[in-house]
Amino acid sequence: MKHRYQFSTQAIHTGGSEHISATPIYQAATVDGVYLRSGNPTIDVLETRITALEGGKSAIATSSGTSAISQTLVSLLSAGDRIVCHQTIYTWTREILNTYLTKFGVEVVYIDMRDLGQLQQALQSPTRLVYFEPVCNPTVDIIDAESVIRMTQTVGATAIVDNTFLTPYHLCPLELGADIVIHSATKYLCGHGDTLAGIIVCRTQELGQQMAHVRNACGGVLSPQNAFLILRGLKTLPIRMALHSANAQIVAEYLDEHPLVTQVNYPGLPSAAGYEIARRMIKNGFGGMINFEVSSEQVQNRFLDRVQLCKPWVSLGDAQSLVVAENLGGLLSGGHDRIRMSVGLEAVEDIIADLDQALV
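Next comes the structure, spelled out in structure tokens:
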């Protein structure tokens with residue numbers, strides 16, 4: 413029997429050549445007589461590798477995370493279809509649903525999937541898709557992915573999971589029965605804050621072919637250069653995620669004790685709602701994302717003005733720590749006193765020192 417490589421080995425080697433240390437960048441508009449939209453050797457390696465890491469049958473790389481989301485939804489939804497979503501999802505996912513898909517006759521229903529009774533009620537009406545994030549952006553709420561997917565399967569709907577926050581290092585939704593997993597590869601899969609990319613991983617070859625067709629038709633293809641950068645990021649994904657998670661646990665415990673912090677959402681805190689679900693669902697730690705509430709808007713504003721090491725920028729999953737107010741520019745939904753933090757790879761003592769001088 414052939415030896416099966418472990419996750420960290422697959423992250424480095426799967427799909428690559430035995431004869432060269434790095435995947436070449438095939439910077440070409442056409443390959444084998446067809447456009448880059450239909451395939452490229454550099455992109456093929458990335459798709460093969462992430463398919464293995466997520467435990468899928470096929471993957472499609474796209475130009476950004478929002479491209480992956482929009483192409484998936486456009487491919488699967490038709491006029492008259494119904495999609496059930498958790499009430500808290502990435503703002504631009506909500507924008508795609510509310511502004512564009514409803515215009516074409518798609519019914520969008522938002523519920524609190526932390527309450528499985530609400531999901532059961534919603535699924536009593538014919539439903540085409542169920543869409544959620546196991547760890548929600550930006551609130552870091554925990555959704556019981558296994559239960560949601562099982563209930564989705566029961567009614568014959570398609571389960572789509574945005575796994576950006578956790579990556580396959582912490583969770584493989586396809587193993588729980590999800591049909592499609594989406595990533596903004598811009599975030600942890602890249603890990604260096606230097607490129608945009610999206611990934612769609614499918615449980616079946618048929619779904620993969622469907623996603624490839626819509627990418628070819630809509631043109632949201634990843635560039636070979638960006639595919640190369642994501643491949644570079646995947647090589648260090650396991651060690652990066654381990655340190656993100658370890659640092660975040662310590663930072664969350666620090667914030668939980670701070671007098672100006674009134675509430676902390678982190679899956680690894682016993683005080684967090686959904687902690688027992690997270691313990692059962694998430695492997696290898698609890699990820700690098702924290703959401704916390706401070707005592708007033710004034711404290712929040714001072715904090716964002718004073719942070720030095722932690723950058724007050726959007727995005728997440730970078731090597732450097734990032735903090736953002738949930739209401740910043742209307743991009744994130746939430747109260748005026750909440751902050752989303754992407755804990756980076758810096759020495760955790762330095763991260764805490766920066767938070768300490770900023771929380772005054």
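Each residue of the sequence shown is one higher than the one before, starting from 413 at the first, in the working numbering.
Where a beta carbon is used, it is the ideal one built from N, C-alpha and C, also for glycine.
Query, Result
"Beta-carbon proximity of P650 to F419, cut-off 8 Å", "yes"
"Meets three-Cβ-pair contact criterion under 8 Å: the segment 719-731 and the segment 677-693", "no"
"I554 - partner residues in DSSP beta bridges", "V547"
"Where L744 falls: helix, strand or coil (DSSP)", "Low local confidence applies: a pLDDT of 44 at L744 is under 50, so the model's placement there is unreliable, with the coordinate-based value given in what follows. L744 falls in the coil class under three-state DSSP."
"Beta-carbon proximity list for Q617, same chain, < 8 Å, skipping 5 on both sides", "K469 and S470"
"Residue environment, V446, which counts as buried when at least 16 other CB atoms sit within 10 Å", "exposed"
"C-alpha gap between V735 and N703, whole angstroms", "9 Å"
"Nearest neighbour of K695, chosen from Q661, A629, A737 and L583 [CA to CA]", "L583"
"Own chain partners of K723 with C-beta closer than 8 Å, once the 5 adjacent residues on each side are dropped", "Q732, S733, L734 and V735"
"Of the listed residues I561, V521 and L601, nearest to D788 (C-alpha basis)", "Because the chain here runs from 413 to 772, residue 788 falls outside it and cannot be looked at."
"The segment 632-648 touching the segment 431-439, judged by at least three CB pairs closer than 8 Å", "yes"
"Same chain only: Cβ atoms within 6 Å of L743, ignoring 5 sequence neighbours per side", "Any reading at L743 must be qualified, since the residue scores a pLDDT of 40, below 50, and its modelled position is unreliable; the value itself is stated next. Excluding sequence neighbours, L743 sits near T503."
"Pair within 8 Å by beta-carbon distance, L541 and I611", "no"
"8 Å Cβ cutoff met for R615 and T474", "no"
"Euclidean distance between Cα positions of Q613 and Q769", "The identity of residue 613 in the sequence shown is Val, whereas the question assumes Gln. Their Cα atoms are separated by approximately 42 Å."
"Cβ-heavy atom distance, A685 to the ligand GDP, below 7 Å", "In the structure on display, the ligand GDP does not appear, and there are no ligands present to speak of."
"Extent of the continuous alpha helix (DSSP H) run through I508", "It is not in any alpha helix (DSSP H) - I508 carries neither H nor E in the DSSP assignment."
"Stretch-stretch touch, CB-based, cutoff 8 Å, three pairs: the segment 566-578 with the segment 590-609", "yes"
"Length of the line joining the Cα atoms of D524 and S708", "26 Å"
"CA nearest to the CA of I481, picked from L513, F640 and R718", "L513"
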